[in-house]
Amino acid sequence: MVLANIMNPSRYTTMRLTLFMGLCLAQADAFTVMPSSATRLSRPFGALPMKTTATPTSSLSLFPMSISSELSSFSSELLSNEDLVQDEFMNGMTHALLDFTTLWGATTVVIRLATVIGRIFILAQDLDHDVLPDELAFQIFLFAVACHGLITASLPKIQAHLEVPHLMTFPDRQAFRSIFRPAGISWSQYKELHLSSMDWVTVEPGQVILANEEEQDAVYWLYQGNVSVQGNTSTHNVCSQNHAPGLRLLGEKRLAMLLDSRQRRAETKTTKSSSQVAAVAGEHGAKLLRMNTTKLEKHLKRDPDLNSSLSRLAFQGMQDKLDALLWKEATNELSG
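Residue numbers (numbering that gives the first Met the number 0): 0 to 335.
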């Protein structure tokens with residue numbers, strides 16, 4: 000019978016609860032019946048102790064108070080666990096957005112946007128509990144910096160999407176198809192480049208376009224007309240209709256210097272090249288697409304993905320000129 004009571008969970012729990020209530024009542028009666036030390040000292044010697052009776056309400060009131068205290072502690076523990084789960088979620092999302100975004104191979108705008116969202120999670124995590132004013136001010140400052148980076152990266156793309164399509168002409172599209180798209184530059188990137196660093200120039204016959212390639216702050220692409228390119232040992236005429244698009248690129252060495260590393264640029268500044276290249280407009284003048292290298296350098300800081308494409312563009316121009324030079328030397332040897 001005892002074993003059956005123990006094996007029955009409900010009856011066994013009832014027995015334990017009854018025993019616990021009895022012990023609580025006994026402890027309450029003991030504290031009520033037992034006189035205090037002050038009463039025993041003030042009682043005369045030999046006097047009989049006074050009989051005190053415990054009120055049932057006082058003894059029974061201890062049990063509900065213990066249950067309410069246990070319930071309050073349990074509810075506070077649940078709330079603390081919920082806060083802990085929320086803090087862990089905020090912390091995990093912050094690390095995922097700030098630390099692992101670059102591993103996705105995303106563009107600059109996506110990285111900036113993920114940084115802003117990560118800063119929002121950090122602020123929400125800090126505002127959920129007590130935070131020091133200096134720490135809150137520091138997090139707000141970092142959030143403002145992230146928002147500024149997002150605006151700086153996304154504003155040129157928005158302007159290129161809204162403004163440039165109305166300004167694009169047939170020569171712009173022809174230049175994109177001829178030289179920029181083969182180098183790996185997308186249409187949206189070309190519109191941003193056009194907005195930030197490109198314009199069209201028309202030169203008169205005999206006007207100097209390039210005096211010293213290394214000291215110029217622009218790269219040109221011949222769209223219409225002809226240009227006479229003069230080197231140290233040779234001079235050749237470049238025509239917009241009969242030559243390859245890469246051969247019509249003027250100033251590709253300056254572009255390569257811009258895209259090179261800082262160490263290489265420092266060496267190039269101190270060591271001047273012995274070859275001097277100049278370009279002069281032909282007898283009918285020329286129309287060229289001009290790319291400002293100073294503005295281009297600022298644009299590359301916002302969109303570093305263009306480095307590889309522009310490097311291919313400069314390499315293609317050098318390769319076409321080298322092929323033309325080798326072909327000319329081979330022709331002279333055969334004719335001689």
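Here a beta-carbon is modelled for each residue, glycine too, at the ideal position from N, C-alpha and C.
- Listed in chain order, the beta strand (DSSP E) elements of length 3 or more contained wholly in the stretch 191 to 222 are 197 to 202 and 207 to 209.
- Two segments are said to touch when three or more pairs of C-beta atoms, one from each, lie closer than 8 Å; by this definition the stretch 152 to 172 does not touch the stretch 116 to 134.
- Per the Cβ contact rule, the stretch 285 to 305 is in contact with the stretch 215 to 224 (3 or more Cβ pairs under 8 Å).
- In this structure, ILE184 places its C-beta atom within 7 Å of the C-beta atom of SER308.
- The distance from the Cβ of PHE175 to that of TYR189 is about 5 Å, consistent with a contact at the 8 Å cut-off.
- A contact is defined here as three or more CB-CB pairs under 8 Å, and the stretch 196 to 204 fails this definition with respect to the stretch 310 to 327.
- In the structure shown, the three-state DSSP call for LEU305 is helix.
- For a cut-off of 8 Å, the C-beta gap from THR292 to ALA217 is around 6 Å, short enough to register as a contact.
- Out of ARG180, LEU257, ASN306 and ALA280, the CA that lies nearest to the CA of ALA210 is found in ALA280.
- For GLU203, the number of other beta carbons within 10 angstroms of its own is below 16, and it is reported as exposed.
- With contacts defined by Cβ atoms closer than 7 Å, ARG118 and LEU141 form a contacting pair.
- In the DSSP annotation of this structure, the continuous segment of the alpha helix (DSSP H) that includes GLY148 starts and ends at 132 to 161.
- GLU191 counts as buried, since no fewer than 16 other beta carbons sit within 10 angstroms of its beta carbon.
- In this structure, the alpha-carbon of GLN173 lies about 25 Å from that of PRO303.
- Only residues of its own chain outside the window of five on either side were considered, and among them LEU209, ALA210 and GLN229 have a CB closer than 6 Å to the CB of ALA277, listed in chain order.
- Measuring C-alpha to C-alpha distances from LYS297 to each of LEU312, LEU257 and LEU324 identifies LEU257 as the nearest.
- The closest CA to that of ILE110, considering only THR151, ASP129 and LEU249, is found on THR151.
- Taking C-beta atoms under 8 Å as the contact rule, LEU312 and ILE178 qualify, at a distance of about 7 Å.
- Rounded to the nearest whole angstrom, the CA to CA distance from TYR219 to ALA145 is 36 Å.
- Across the structure, ASN236 and LEU112 are spaced so that their CA atoms are roughly 50 Å apart.
- Annotation: ALA182 is outside any beta strand (DSSP E) and is labelled neither H nor E by DSSP.
- For ALA174, the enclosing alpha helix (DSSP H) has its first and last residue at 169 to 174.
- Assignment of beta-bridge partners to SER227 by DSSP yields ASN236 and VAL279.
- In this structure, the beta-carbon distance from VAL115 to LEU149 falls below 7 Å.
- Between LEU249 and ILE157, the alpha-carbon positions lie close to 30 Å from each other.
- In summary, PHE120 is buried, with 16 or more beta-carbon neighbours lying within 10 Å of its beta-carbon over all protein chains present.
- Secondary structure note for ARG247: it is in no alpha helix (DSSP H), with a DSSP letter that is neither H nor E.
- Taking C-beta separations shorter than 7 Å and ignoring five residues to either side along the sequence, the partners of LEU299 in its chain run LEU305 and ASN306, following chain order.
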